[in-house]
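> Numbering (our numbering), first residue to last: 81 to 406. This is the structure, below, for whatever I ask next.
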């Protein structure tokens, strides 16, 4: 691959000139290629990203073929909502782990995407793997977008880091929670960090990272005593912390139904449910959370793209059972 310096790239630095000329490669990828000696000028390989080039210089970049991904490809069925050369949007089912990790080395979304995408993965950082820019918990269902190349990965990463503050990106969730918030809508602004004692949990902590969740009650449900026992709440994220909605609603005093991590002390609340609703909750076996809305700016075209996902069957049945008790 050859690039000729025009002199109008905005900076004489080698890495910035290449970034302007080769938008399909991320800056981190270009820096890695420079440091690895894969970028040459007339005097030979240049390993300094800050090296100053001049107009008329010819830069040769040796971009190695993307190496096979370490996670193995696995033919796991996926619900594909949208796909093109840059991104793929899936409706994740409950029980599917997003990324291989200790205890989940296979059977993950990444394994499934490597198999599904095949040759259309041009590589993230030189490896043929999907670019995961956000995650859903194993038992949370709903919409996820994944990058198929460096350019899309950089764009989506920036959008998720911005969280829609200056762009179009939006993420919406539907949650069945215990009780009914005093206010029909509001904002939970409470920092989140690791739980001080249970390292597999998160918690609201004064010195944690900023975490902001906007919520609006969509529907309320009464128990056998005629008092509010649960609510369907729409949540929109302004930040993206681990377990954010689960932690924030529990902090508000309304943990998710079925959440064994952040709402175990609410198990007795099930006694207030009508028999049908109690049975639907018992069969759910997971936190009642679904990522129903995703809005992004397409990495290549700039088009604003919006997807919505209906509640999966288990949550739909829970909602119907709660309504039937009214």
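Cβ coordinates follow ideal geometry from the N, Cα and C atoms, glycine included.
With DSSP collapsed to three states, give me the class of residue 344.
Residue 344: helix per DSSP, three-state reduction.
> Measure the CB-CB distance between residue 310 and residue 259 and report whether it falls below 8 Å.
yes
> Between residue 98 and residue 160, which are expected to be in contact by the criterion C-beta below 8 Å, what is the C-beta distance as a whole number of angstroms?
Rounded, the Cβ-Cβ distance is 34 Å, inconsistent with contact.
> By how many angstroms is the C-alpha of residue 249 removed from the C-alpha of residue 200?
CA-to-CA, the gap between residue 200 and residue 249 works out to about 25 Å.
> So the alpha helix (DSSP H) residue 239 belongs to, where does it begin and stop?
230-242
> Pull up the distance between the alpha-carbon of residue 275 and that of residue 187, whole angstroms please.
28 Å
> First and last residue of the alpha helix (DSSP H) that includes residue 327?
324-331
> Between which two residues does the beta strand (DSSP E) holding residue 269 run?
265-269
> Looking only at DSSP bridge pairs, what is residue 308 linked to?
302
> For residue 316, I'd like the list of residues in its chain whose CB is within less than 6 Å of its CB, leaving aside the five on either flank, ordered along the chain.
252 and 294
> Residues in the same chain with beta-carbon distance under 6 Å from residue 131, minus the five sequence neighbours each way, listed in chain order, please.
Counting only residues of its own chain and dropping the five nearest sequence neighbours on each side, residue 131 has a CB closer than 6 Å to the CB of 94.
> In the structure shown, what three-state DSSP assignment does residue 363 receive?
helix
> How is residue 96 classed by DSSP in three states: helix, strand or coil?
helix
> Output the distance between the C-alpha atoms of residue 198 and residue 278, rounded to the nearest integer angstrom.
39 Å
> Contact criterion: CB-CB distance below 8 Å. Does residue 328 meet it with respect to chain D?
No chain D appears in the structure shown, which is made up of a single protein chain.
> If you draw a straight line from the C-alpha of residue 388 to the C-alpha of residue 396, how long is it?
15 Å
> Rounded to a whole number of angstroms, what is the C-alpha to C-alpha distance between residue 171 and residue 113?
If I take the Cα positions, the gap works out to 35 Å.
> Mind checking which residues open and close the beta strand (DSSP E) that includes residue 370?
369-377
> Keeping to the same chain, check which residues put their C-beta closer than 6 Å to that of residue 380; ignore five residues upstream and five downstream.
166
> Are residue 377 and residue 247 closer than 8 Å when you measure CB to CB?
One thing to note: residue 377 has its Cβ within 8 Å of the Cβ of residue 247.
> Counting only the same chain and skipping the five closest in sequence on each side, list residues whose C-beta sits under 7 Å from that of residue 346.
258 and 335
> Exposed or buried, which one is residue 338 when buried takes at least 16 other CB atoms within 10 Å?
buried
> Give me the residue from 355, 319 and 368 with the minimum Cα distance to residue 330.
The residue with the shortest Cα to Cα distance from residue 330 is 368.
> Among 163, 226 and 287, which residue has its Cα nearest to the Cα of residue 407?
Since the first residue shown for the chain is 81 and the last is 406, residue 407 is missing from the structure and cannot be characterised.
> Do you know how far the Cα of residue 285 is from the Cα of residue 108?
Inter-residue distance for residue 108 and residue 285 is about 33 Å (C-alpha atoms, whole angstroms).
> Contact check, residue 91 vs residue 234 under 8 Å by CB: the rounded distance?
Their Cβ separation, rounded to whole angstroms, is 18 Å, which puts residue 91 and residue 234 out of contact at 8 Å.
> In terms of residue numbering, what span does the alpha helix (DSSP H) encompassing residue 393 cover?
Counted as a single uninterrupted DSSP element, the alpha helix (DSSP H) harbouring residue 393 occupies residues 393-404.
> If you draw a straight line from the C-alpha of residue 332 to the C-alpha of residue 268, how long is it?
Taking the CA atoms as reference points, residue 332 sits about 8 Å from residue 268.
> Across which residues does DSSP place residue 252 in a beta bridge pair?
BP columns for residue 252 point to 316 and 373.
> Output yes or no for whether 8 Å exceeds the beta carbon distance between residue 240 and residue 403.
no
> So, at 6 Å on beta carbons, what are the nonlocal neighbours of residue 83 in its own chain, with the 5 sequence-adjacent residues on each side left out?
101 and 139
> Applying the criterion that 16 or more other CB atoms from any shown protein chain within 10 Å of the CB defines a buried residue, is residue 220 buried or exposed?
With 16 or more neighbouring CB atoms inside 10 Å of its own CB, residue 220 falls in the buried class.
> Any idea if residue 383 is buried or exposed, counting beta-carbon neighbours within 10 angstroms, 16 or more meaning buried?
Result: exposed.
> Is residue 236 closer than 8 Å to residue 224 when the C-beta atoms are compared?
Taking 8 Å as the Cβ cut-off, residue 224 and residue 236 do not qualify as a contacting pair.
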